[in-house]
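Protein chains in written order, with my numbering: chain A, 1 to 255; chain B, 1001 to 1429; chain C, 2001 to 2566; chain D, 3001 to 3129.
Even for Gly, the Cβ is constructed at its ideal location relative to N, Cα and C.
On a predicted model such as this, the values are computed, not experimentally measured, just so you know.
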Amino acid sequence: MKVTLAMKPAAKGFIPIEAESIVPKNFLSGTDLLVWRGNRELRLDEVFSVSVEGEADRAEGVEVVLSGETFRLKRVGEYMDGGKITVLGDIGMHCGNFMTAGTIEIHGNADGWLGREMAGGAIVCRGDVADYCASGYRGGRKGMKGGTVEVFGRAGDFLAENLADGTVIVHGDAGDMPGAEMRGGTLIVHGDCSRPAANMKGGSCYVYGTAREMIPTFKKIGPVQHDGRTLIQFAGDLANRGKGNLFVKNYEYLD
Amino acid sequence: MIVKDAVCPFCGCLCDDIEVEVEGDRVVAVTNACELGTTKFMGEKRLKNPIQRVGDEWKDITYDEAIRYAADMLLSAERPLLYGWSGTHGEAQCVGVHMAELIHGVIDNTSSVCHGPSILAIQEVGHPGCTLGVVKNRADLVIYWGSNPIDAHPRHLSRYTRYAEGFFLDNAFRDRKVIVVDVRKTETANIADEFVQVRPGGDYAILSALRAIVQGKTETIPRTVAGVTREQLIRVANLCKSAKFGAVYFGLGLTMTPGKYKNIRNAIELVSELNRHTKFTISAMRGHYNVYGSNEVNTWMTGYPFGIDFSRGIAFYNPGETTAVDILARKECDAALIVGSDPAAHFPRRCLEHLAEIPIVQLDPYPNATTAFCNVQIPVAVTGIDAEGTAYRMDGVPIRTRRVLWSDYLSDEEVLSRMYALMQEAQQP
Amino acid sequence: MTELLVKNACVIDPLRGINGDVMDIAIRDGKIVEEVSDAAEVVDARGMLTMPGGIDSHTHICGTKVNFGRYMSPEDMRAGRTPRRGPMHATSGYSVPTTYGNSYRYSVMGYTTLLEGAMAPLEARHTHEEFTYTPLQDTMANTLFDGNWAIMEAIRDGDIKRVAAIIAWTLSAVKGFGVKLTNPGGTEAWQWGKNVSCIRDPVPYFEVTPAEIIRSVVEANELLHLPHSVHLHCNNLGTPGNYTCTLGSMGLIPDLNPKRQTLYATHVQYHAYGGSGWKDFCSKSEPIANFVSMRPQIVIDMGQVMFGRTTTMTADGPMEFNLYRLHHDKWSNHDVELETGSGIIPVVYRRKNLVNSIMWSIGLELALLTKSPWQCLLTTDNPNGAPFVKYPEIIALLMSKRYRDAEFATVHPDTGSRVPLPAIERELDWNEIAVMTRAGAARALGIQDLGKGHLAPGADADIAIYPLKIDEVDPSAEYQKVIDGFSQTEYTIKRGRVVARRGECLVHGSNATFWVRPKVPENYDMSKDPDFIEKFERYYTVRMSNYPVQEEYLSRNRCIETEADL
Amino acid sequence: MKFLMITGRTVNQGVTVENKTSPEYAAETSTCFMHEFDMMELGLDDGDAIRVTGPCGDVVMRVSASVEVEMGTVFVPYGPYANHILSAGTRSTGMPDFKSHMVEIEPTDEAPKLVHELMEDLGGLAYDR
């Protein structure tokens, strides 16, 4: 079953729309769903032109395709447990929060908190992601707990904060403090970033470019070969009695 | 008439030993307050009555009209923002929360651009703190980190630290050491026993290094960290460990610089680490006299200290998304009520551009920068001068501000309660 | 005049010796009366279990440290969120809910009176502000005196009357209800990062021992004729082998008051530990319960632990720091100048954990081994042992051996060799539960004469009607029905009005704060004592004139005046 | 010349903050404190006007020599002038980068605007009676 949701032009274009009802499973029982714009509840078809082709009896058989000005559309794919969501343009905050299975593919950019507290499944973003991609919630201790997030563009700050398990790959640069407080899982940044793996407890963080403002409390172990690259291995964060591994191509301290 | 033990409604020190001399409806002299407090008590040029912008003109309107305007504006909004709150008393803040809940709006206070990052840090690792009197009576080491009390909290040094008498210190001025950590050699740095000058943006690295040094892992630390030599870091760590009671007071130099709340988290974790060796506490130098009160009120009523979004009926909290600067910069609200703050003076330009596009009602005694963006401004009494109510000091101690003179102005609580009553009426089925 | 008639109620009212009689209860203007007119509104209780409103004799619901528990835990707030609905405001939180959340959930469980267990005098205004936003229960606050400089100095000088005078002034000033000692002496030592290990360690600088503090404050409390006894959180909480310290503390207490106990020892589960370390950690509930059973001057509460996530918060700062070092999770601490302190950390009690399993067991054992239910009240030290919403499960565990066995089978397998619980056959009855959750609490707090904890004419019409037919339910076997029944009242009546029905709160409510004003002779009036004033102004950071909680914070309140023997 | 611009509180900012329509508040918050060597390099004297350009536009301030700031850094009291050129991005923390913006500074002949003029430039209407 393929569900196509084309965003209609809105009068109050900047008020965010919260649409956690947009998960493949929900379309098995029709398109009679509700979303919120600010404090007003709206029917799905007030916001989108909705069309459905084919049938399905399980979430795995459902693909939802979103098009139009979807950059203010929040919480799409929250608690998703199977099936596929394809976003042809940009997507708003909190896409794929808590998802446990299935696939989300974003052709444009993603706003903050993409895949927050994700536990399984896969998210692919062809564009850039804003801050807190694959992170946790305020005050929480565990961020992402499983699954994979792959970003082909750049990532903002606090990427994979509190990462507990799963894999996060960013092909471009990342911002400040990727992998802060990480305690497990794998974070790979192909480009440059600043202050990676600050206060890490465990897990592995790879920076294939330059780590700027390197945290001074990582212990240098020495060069290692990884995936055809020579990287320098560090252990830390000693300040936090951490037992994590940080691998960087180049690094600079703020001295 | 002289009012003794008046409470100063300027900064988070909330000094409560002020003597105010009043003649008729004017304050004529202020004793004990700093320059900031004195000026506030002597404040003039209040707005006389509610005003409304009509086209390119301002016209005077009645309180009833102004309050009705605000109620209608908020009721018809899809995503109203209720911002400010630090410059008013707790009783008014409570009405504000009820209002946000009723109209399904977002309520945020000035801590989002002040110590909001400190709160985010506390939510990750907690907060070993104490009241100011504990420091005054015990601390033999005080560290001001990214804070400049001589300019921002002028009596902090004389009431609680450098120049304060302490029960357990024979000669407090001599026996108490002061360390200042800053990127600038501020006036406060000049009175310190030790000044640690950090390269801008380097606080986090220095805090990590200190944590490792306190644990005895000195060998990994590079020779200099963010402009500070390893030797100085070791000296500072030793000063901390050998103190009987140490206290860190940090300011916006940590909350506003890159890393934001991670800087505070690192400072808190340093203090927690030091508690394995001696007694250490850490506290934020809160700005507005009642910004902490706004956090307290929001917390007991909604569960969260600031940035609370009631759009969906339940309380949702996510600073960075539900905080005023982000909402305004992203143009995500369609009306705003401003109480006890001046966002137009203190927010980046892009936020102001959105303020210009949406209806705004402000409660404030004075014309200020935000006035220019208002559709309606309602003058109110000043808490601590012609209104009274609860305020929370920077260390969480609640103090009732006093009224030192009587005026005809309504208090924030009275204006907001009337607004709230109108909204409740409108929402009755 | 408003009248209400509760018909056909199956009443358990232990203070009046009523145990399961079906009767009507007449109410006029918030009080229970002999009869009402025909115009009275009628609530048909249809033979359902009807008891005086629940009284929690030790809970943490309002004030600085509770609010800090909320403030630091946005992840806790994500649970239990409800929107505004009818007269109910929005709520958030699981282990430390918002004030409205606490009030509604307690009300739905039939609780109408709450004692906040720990209020720092300097920050009392905060507690009273939150009381205002706890609309459906009467409230009262235990006031902390454990590290009070002036009191320790008076004790050092051997002047018990001065101790009493300082307590009198402080209670009146801060609108407190009872005298609380939390780890006496330990909270002052903690301001130097130290602690006292038990009752014979001197407090640094002040050179008085916890034993001296406990004994002096108990005597002073009785000189002031306060309604409640001293409320003690013993030294050395949570440490293996601490039961000897607990017994030693209880042994200090003479029987000084014919109407009630002389000492209320709180959350004794945390103080009934044997062993020399965590490896041989075991239950010592038996010696504690036996000791209490032989001494009418002592009442305890359980401090039951239930499995799951919660937040611990106490004035016992050093204890929380030790917990922090164990868990390395979030830690907050807040020392209060010249008075006391507090600490907060989140915890998870796990069935798989042997120590946690033993703790769970000890609380139940204390309730089952203490002979009289009047001497062991039901609490979790909310939220320390568990959030109060677990009370129905605890009641069911106490009423059903079968339920206990079923639960015991799920805890750590080594628990059996460390605790006496599996061998205890006792099952409490409805009447005993009523004692532990209302009548006993009212007597222990000294508020039965103020119309609390019973349903005699003249009493406050605070009534809980549970959807339980006690002659039809066998609590021993049908424990799930007991849990369900106590989780949600059919009606909760507060001051003569139905405030909650089947899980919904119906009115915004009006509570009252109970506080105490002991009258002392002029020469014991601390507000005129030059030495007291001088030290106050020098070492506090708040002026003495700004310290007392103003009348504005007590829009609804009941002041209890006592005549002091000084 | 490029500078790191730090904003913060000053006594004078605090003294005038409740009176934002006053010339004193405008004067204080439009003051840019700079190291005297940097001033020499730009050919500036105390009180000269400068154009400060940030990521969101430019604003005219007056320069003042200060021994507190390092070379390459300028300090501006927290207020509407600095905010006129700051980016509103918060890195999703709620807090803008008030202390870490790079700005371009050059001498100018223009005078700083008044606070209400800045507000009117952004669509406000001054209340001025």
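What is the DSSP secondary structure of residue i, reduced to helix, strand or coil?
| i | result |
| --- | --- |
| V2389/C | helix |
| D2138/C | strand |
| Q1377/B | strand |
| T2415/C | helix |
| G1389/B | strand |
| W1406/B | coil |
| A2441/C | helix |
| W1058/B | strand |
| V2292/C | helix |
| T1371/B | helix |
Once you ignore the five residues that flank residue i on each side, which residues in its own chain have a CB closer than 6 Å to its CB?
| i | result |
| --- | --- |
| G1216/B | none |
| T2340/C | A2120, L2144, D2146, G2147, T2187, A2315 |
| H2267/C | G2303, D2381 |
In whole angstroms, what separates the C-alpha of residue i from that of residue j?
| i | j | result |
| --- | --- | --- |
| R3129/D | T1039/B | Residue placement at R3129/D cannot be trusted, given a pLDDT of 46 that sits under 50; what the coordinates show is reported in the next sentence. Each residue's Cα considered, the two are about 22 Å apart. |
| V2299/C | A2423/C | 24 Å |
| G3094/D | V1113/B | 7 Å |
| R1053/B | C1374/B | 7 Å |
| G68/A | F1195/B | 56 Å |
| A2220/C | E2129/C | 29 Å |
| V2113/C | N2195/C | Note on identity: in this sequence residue 2113/C is Thr, with Val being the wrong assignment. C-alpha separation (whole angstroms): 34 Å. |
| I3006/D | D3046/D | 19 Å |
| I106/A | F1310/B | 29 Å |
| V2473/C | I1282/B | 56 Å |
| N1049/B | V1361/B | 14 Å |
| E2504/C | C1351/B | 42 Å |
| S1147/B | G1251/B | 4 Å |
| D1342/B | D1072/B | 22 Å |
| A174/A | D192/A | 6 Å |
Within a Cβ cutoff of 8 Å, which residues of the same chain sit near residue i, ignoring the five residues on either side of it in sequence?
| i | result |
| --- | --- |
| R1211/B | N1266, E1269, L1270, E1273 |
| M3001/D | D3038, E3041, L3042, E3104, I3105, E3106 |
For residue i, would you say it is in contact with chain E, using Cβ-to-Cβ distances shorter than 8 Å as the test?
| i | result |
| --- | --- |
| G112/A | Of the protein chains in the structure, A, B, C and D, none is chain E. |
Sorted by chain position, which residues of the same chain lie with C-beta nearer than 7 Å to residue i's C-beta, five sequence neighbours on each side aside?
| i | result |
| --- | --- |
| R2200/C | T2209, A2211 |
| D2044/C | K2007, N2008 |
| G1313/B | H1104 |
| C2245/C | C2198, I2199, C2234, N2235, N2236 |
| D1175/B | D1140, L1169 |
Please confirm if the stretch 1131 to 1143 of chain B is in contact with the stretch 1157 to 1164 of chain B, defined as three or more CB-CB distances below 8 Å between the two stretches.
In short, these stretches touch, since the Cβ pair count reaches three.
Quick one: which unbroken alpha helix (DSSP H) runs of 4-plus residues sit fully inside the stretch 2205 to 2282 of chain C? Chain order, please.
Listed in chain order, the complete alpha helix (DSSP H) runs (minimum 4 residues) inside the stretch 2205 to 2282 of chain C are 2210 to 2223, 2243 to 2251.
Ignoring anything shorter than 4 residues, give me the alpha helix (DSSP H) runs that lie fully in the stretch 1151 to 1181 of chain B, in order along the chain.
Runs found: 1156 to 1159, 1172 to 1175.
If you scan the stretch 80 to 159 of chain A from start to end, which runs of the beta strand (DSSP E) of 3 or more residues do you find wholly inside it?
Whole beta strand (DSSP E) segments, 3+ residues: 81 to 87, 101 to 106, 122 to 125, 148 to 151.
Quick one: complete beta strand (DSSP E) runs, 3+ long, within the stretch 2458 to 2533 of chain C?
Within the stretch 2458 to 2533 of chain C, the complete beta strand (DSSP E) runs of at least 3 residues are 2463 to 2466, 2491 to 2494, 2497 to 2501, 2513 to 2519.
Counting only runs that start and end within the stretch 1191 to 1251 of chain B, where is the alpha helix (DSSP H) found for 4 or more residues in a row?
Runs of alpha helix (DSSP H) with 4 or more residues, each lying fully within the stretch 1191 to 1251 of chain B, are found at 1203 to 1214, 1230 to 1242, listed in chain order.
Below 8 Å, can you find three or more Cβ-Cβ pairs linking the stretch 1088 to 1101 of chain B to the stretch 1119 to 1136 of chain B?
Contact fails: fewer than three Cβ-Cβ distances are below 8 Å.
If we count Cβ pairs, one from each stretch, closer than 8 Å, do we get three or more for the stretch 1181 to 1192 of chain B versus the stretch 1317 to 1331 of chain B?
The stretch 1181 to 1192 of chain B, when compared against the stretch 1317 to 1331 of chain B, does not touch it at the 8 Å Cβ threshold.
Give, in chain order, every unbroken run of the beta strand (DSSP E) that is at least 3 residues long and sits entirely within the stretch 1064 to 1118 of chain B.
Within the stretch 1064 to 1118 of chain B, the complete beta strand (DSSP E) segments of 3 residues or longer fall at 1080 to 1084, 1106 to 1109, listed in chain order.
Just to confirm the assignment: which complete beta strand (DSSP E) runs, minimum length 3, are found wholly within the stretch 2073 to 2113 of chain C?
With a minimum length of 3 residues, no continuous beta strand (DSSP E) run stays inside the stretch 2073 to 2113 of chain C.
Within the stretch 1247 to 1315 of chain B, note down every full beta strand (DSSP E) run reaching 3 residues or more, in order along the chain.
Qualifying beta strand (DSSP E) stretches, in chain order: 1279 to 1284.
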